[in-house]
Amino acid sequence: MKILMLHGINHNMFGKRDPAQYGTITLDEINTNLTKLGQELGAQVECFQTNSEGEMCERIHQGFVDKVDAVLINAGAWTHYSYGIRDALAILTCPIVELHMSNIHAREAFRHVSVFAEIVKGQICGFGADSYLLALRAAVSAAKA
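For the sequence shown, the working numbering assigns the number 4 to the initial residue and increments by one for each residue that follows.
Below, the structure is given as structure tokens:
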């Protein structure tokens, strides 16, 4: 099973950016944890991060070509306004799980809306770095269904 983890804008700064909101875990540590859990679940997890919206869309397109079994996405701020990424995700035929470390519904009003919500299998938010692991478990389960 192939799972694609997509990290969005500014996530390369995890561990340095707003530790009160996101903790001190780094993106590399998150990816290591995902890879380890993926192995336990019988899934290969490929992680990708970019600060370029176009590159994110191109990676999603490649996921379609590669026939990935599921996609996890934490698009960061793009979640709330990127119709380009939404449209790229809509091309996929596999389960998509949206995730966020913070509870986007308990933050600023503009973060309460996800333009991806209508096309994803589900959302997980508010559990810090554990949101990634919960999302991976959900994606593996959805891909097997």
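We treat Cβ as the ideally placed atom computed from N, Cα and C, and that holds for glycine.
Note that the coordinates shown come from a computational prediction; the quantities given were computed from them, not determined experimentally.
query: At 4 residues or longer, and completely inside the region 74-106: list those alpha helix (DSSP H) runs for me, N to C.; result: 86-94
query: Roughly how many angstroms separate the alpha carbons of Met-104 and Gly-66, rounded to a whole number?; result: 23 Å
query: If you measure between the beta carbons of Val-74 and Leu-9, is that distance less than 8 Å?; result: yes
query: At what residues does the beta strand (DSSP E) containing Glu-49 begin and finish?; result: 47-52
query: By Cβ distance below 6 Å, which residues in the same chain neighbour Glu-101 in space, the five residues on each side in sequence not counted?; result: Ile-76, Phe-119, Val-123, Gln-126
query: Please classify Ala-141 as buried or exposed, where buried requires at least 16 neighbouring CB atoms within 10 angstroms.; result: buried
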